[in-house]
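Q: One structure is given below, represented as structure tokens, and several questions about it will come after.
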Amino acid sequence: MTNLKNYLEAKVNSRGNKNLNYLSSFFSETELSILSKKTISIVGTNGKSSTANNIAMLLGGLDKSYIAFTSPHLYDYEERITAHKDLNLNQYIEYLENFELENNIILGYFESTFLIAAKAFLHNDFDYFICEAGIGGKYDTTSIIQSKTVVLTSIGLDHTDILGNKITDILDQKIYVSNNIETLFVSVLNDDLIEIIKSEYTNYSKSIFLSEYLNSKNISFSKLIFKDLNYYLSLMVVDLLLQDIKYADLTNIKIKEVKGRFEIVNDSPLKIIDGAHNYEGVEILLRNYENKYGHLNTDIFLGFKKGKDINNILNLIIGKTNYNLHLIEDDTFFDQEITKEIGYLLDKYGKNYKIASLEQFKKNKNPSILLGSLYLIGEYKKREL
11 MTNLKNYLEA KVNSRGNKNL NYLSSFFSET ELSILSKKTI SIVGTNGKSS
61 TANNIAMLLG GLDKSYIAFT SPHLYDYEER ITAHKDLNLN QYIEYLENFE
111 LENNIILGYF ESTFLIAAKA FLHNDFDYFI CEAGIGGKYD TTSIIQSKTV
161 VLTSIGLDHT DILGNKITDI LDQKIYVSNN IETLFVSVLN DDLIEIIKSE
211 YTNYSKSIFL SEYLNSKNIS FSKLIFKDLN YYLSLMVVDL LLQDIKYADL
261 TNIKIKEVKG RFEIVNDSPL KIIDGAHNYE GVEILLRNYE NKYGHLNTDI
311 FLGFKKGKDI NNILNLIIGK TNYNLHLIED DTFFDQEITK EIGYLLDKYG
361 KNYKIASLEQ FKKNKNPSIL LGSLYLIGEY KKREL
């Protein structure tokens, strides 16, 4: 019998995740109704996995049962499907294989893990399905749920070839992960976007904004770093969804941080790894770094997945004089953009750089940051095991 690891590994290089029109039929109407009511859908440019993890930890701390579906993973597929108890996921392979045969399709990696997570949630009759969207929302695999509860973490430019080149286009894609939202939870966004959400969208019954929630708790959000905003967003979601709990009890629950997000892997010399892979994510990372450590002379080790807005990210970094650039050598991680393309842009800007390996990052004696892709961070983690 095929185990799930082998089943998924066979899909790594497949061009799947294009079967949206078929996916609803994997579930009965009753199952789709349950998913719609019990799912917390999480959309946004950055902060989705951290928010999903926070919500899961908070619910678990309150003895609520859950499955959390997130992506991508650093080590292996099991990171994508987590729960408050151990699960036997191999039992769902037959469902997937039969579904592919019946519809003459090949499911993609993301589609497969999503369907398994949702089916496992239904079979175990858990309280909540915490579901992170992949790309966008409107045409994302997870949109078949049409969740009554949606959480919006942030809006920035990423996947512009799919989602559009304007912030408002991307906002539209995210919010329409569901056409029938009962409660829309929104993180701290700029005033223009908040006004657009309030005035131009009719696909939700009620919206709750983190800025207003923090004000009600006498918490100033102006100086909170992004990680803290994600925490309070998660706190707000659980606090207002459950209602019968005390705020103090929520704040006493310990949160285990997501690996690969502003993770300090060495103190002396300072080494940080972060999966920031778009302009907003890198800007947040560098701002948090500078707020905490000042303007240290720092070596940045960069590696990007193909299709990213590399030009604008490089402009952001080279505008700061305290950063020295090292491009991670080719063929280090999945779907990596070649160093020649990145080097061409840096040459055009007259910025010096070096080609480096992950081993050189590890042995580097200067303060260092490894960033650009969660796949890159995952590869680093694998080599450190």
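Numbering (the working numbering), first residue to last: 11 to 395. Where is the CB? At the ideal position from N, CA and C, for every residue including glycine.
1. Starting from ASP179 and walking both ways along the alpha helix (DSSP H), at which residues does that stretch end?
2. DSSP on TYR363, reduced to helix/strand/coil?
3. THR261 by DSSP, collapsed to three states: which one?
4. Name the two residues that bound the continuous alpha helix (DSSP H) containing PHE371.
5. Of the residues TYR354, ILE191, ASN322, THR40, which one's Cα is nearest the Cα of GLY291?
6. Across which residues does DSSP place THR308 in a beta bridge pair?
7. Please work out which residues of its chain come closer than 8 Å, Cβ to Cβ, to THR92, disregarding the five sequence neighbours upstream and downstream, and give them in chain order.
8. Taking just the CA atoms, how far does TYR354 sit from THR55?
9. Can you name, in chain order, every residue of its own chain whose Cβ lies under 7 Å from the Cβ of TYR333, other than the five neighbours on each side?
10. So is GLU142 buried or exposed if we call it buried at 16+ other beta carbons inside 10 Å?
11. Please classify GLU347: is it buried, with 16 or more other beta-carbons within 10 angstroms of its beta-carbon, or exposed?
12. Just how far apart, CA to CA, sit MET11 and ILE154?
13. Measuring straight from C-alpha to C-alpha, what distance separates TYR363 and ASN225?
14. Are the CB atoms of PHE231 and VAL196 nearer to each other than 9 Å?
15. Please state if the CB of SER60 and the CB of VAL248 are separated by a distance shorter than 9 Å.
16. Take the Cβ of ILE282 as the centre, count every other Cβ of all protein chains shown within 10 Å, and call the residue buried at 16 or more, exposed below.
17. Measuring CA to CA, which of SER46, LEU68, ILE44 is closest to LYS256?
18. Taking the alpha carbon of SER217 as the point to measure from, which residue in THR159, ILE387, ASP182 has its own alpha carbon closest?
19. Are LEU312 and LEU295 closer than 9 Å when you measure CB to CB?
20. What's the gap between the Cα of TYR105 and the Cα of THR151?
21. Per DSSP, what kind of secondary structure is MET11 in: helix, strand or coil?
22. I need the straight-line Cα distance from ILE352 to TYR289, nearest angstrom please.
23. Spatial neighbours of ALA286 within its chain, please: CB distance less than 6 Å, with the 5 preceding and 5 following residues excluded, ordered by chain position.
24. Indicate whether GLY70 and LEU243 have their beta-carbon atoms separated by less than 9 Å.
25. Report the option in LEU30, ASN325, ILE126 whose CA atom is closest to the CA atom of LYS361.
26. So, with DSSP's three-state summary, where would you put ASN376?
27. What does ALA78 pair with, by DSSP beta-bridge criteria?
A: On the basis of the coordinates in this document:
1. Translated into positions along the sequence shown, residue 179 becomes position 169. Element bounds for ASP179: 177-185.
2. On the sequence shown, position 353 is the one that residue 363 refers to. TYR363 carries a strand assignment under DSSP once its states are collapsed to helix, strand and coil.
3. For this step, residue 261 is matched to residue 251 along the sequence shown. Helix.
4. As a first step, residue 371 is located in the sequence shown; it is residue number 361 there, counting from the start. That run of the alpha helix (DSSP H) goes 368-373.
5. Here residue 291 refers to the residue found at position 281 of the sequence shown. Selected option, being the one with the closest Cα: ASN322.
6. Locating residue 308 in the sequence shown gives position 298, counting from the first residue. Answer by DSSP bridge pairing, in chain order: TYR333.
7. Here residue 92 is taken as the residue at index 82 of the sequence shown, counted from 1. Around THR92: ALA66, ILE77, ALA78, THR80.
8. Within the sequence shown, numbered from 1, the residue matching residue 55 stands at position 45. Within the sequence shown, numbered from 1, the residue matching residue 354 stands at position 344. For THR55 and TYR354, the distance between alpha carbons rounds to 27 Å.
9. Locating residue 333 in the sequence shown gives position 323, counting from the first residue. So the list reads THR308, ILE310, ILE327, once near-sequence residues are dropped.
10. Position 132 of the sequence shown, counted from the start, is the residue given in the question as residue 142. A buried status is given to GLU142, since no fewer than 16 other beta-carbon atoms sit within 10 Å of its beta-carbon.
11. Here the question's residue 347 lines up with position 337 in the sequence shown. Its Cβ being crowded by 16 or more others within 10 Å, GLU347 is buried.
12. By 1-based counting over the sequence shown, the position of residue 11 is 1. By 1-based counting over the sequence shown, the position of residue 154 is 144. The predicted position of MET11 is uncertain, since its pLDDT is 47 and thus under 50; no value can be drawn from it.
13. Here residue 363 refers to the residue found at position 353 of the sequence shown. Here residue 225 refers to the residue found at position 215 of the sequence shown. Going by the C-alpha atoms only, they are around 45 Å apart.
14. On the sequence shown, position 221 is the one that residue 231 refers to. On the sequence shown, position 186 is the one that residue 196 refers to. No; because the gap between Cβ atoms is not below 9 Å, this pair is not in contact.
15. For the purposes of this step, residue 248 is identified with residue 238 of the sequence shown, where counting begins at 1. For the purposes of this step, residue 60 is identified with residue 50 of the sequence shown, where counting begins at 1. For VAL248 and SER60, no; Cβs fall outside 9 Å.
16. Position 272 of the sequence shown, counted from the start, is the residue given in the question as residue 282. Buried is the call here.
17. What you label residue 256 is simply residue 246 of the sequence shown in a count that begins at 1. Per the Cα distances, LEU68.
18. Working through the sequence shown from its first residue, we reach residue 217 at position 207. Looking at the Cα atoms, THR159 is the closest of the given residues.
19. Here residue 312 refers to the residue found at position 302 of the sequence shown. Here residue 295 refers to the residue found at position 285 of the sequence shown. No; because the gap between Cβ atoms is not below 9 Å, this pair is not in contact.
20. The sequence position of residue 105 within the sequence shown is 95, counting from 1. The sequence position of residue 151 within the sequence shown is 141, counting from 1. The straight-line gap from Cα to Cα measures roughly 17 Å.
21. For the purposes of this step, residue 11 is taken as the residue at position 1 of the sequence shown. With a pLDDT of 47 at MET11, under the threshold of 50, the predicted position of this residue should be treated as unreliable, and no value is reported.
22. Reading the sequence shown from its first residue, position 342 is the one you call residue 352. Reading the sequence shown from its first residue, position 279 is the one you call residue 289. Rounded to the nearest angstrom, the two C-alpha atoms are 15 Å apart.
23. For the purposes of this step, residue 286 is identified with residue 276 of the sequence shown, where counting begins at 1. Excluding residues within five positions, the ones whose Cβ falls inside 6 Å are VAL292, LEU295, LEU381.
24. Numbered from its first residue, the sequence shown carries residue 70 at position 60. Numbered from its first residue, the sequence shown carries residue 243 at position 233. The Cβ atoms of GLY70 and LEU243 do not sit closer than 9 Å to each other.
25. Start at 1 with the first residue of the sequence shown, and residue 361 comes out as number 351. When only C-alpha atoms are compared, the closest one is ASN325.
26. Working through the sequence shown from its first residue, we reach residue 376 at position 366. In the displayed model, ASN376 falls within coil according to three-state DSSP, outside both helix and strand.
27. Here residue 78 corresponds to residue number 68 of the sequence shown, with the count starting at 1. For ALA78, the pairing in a beta bridge is given by DSSP as THR92, ILE140.
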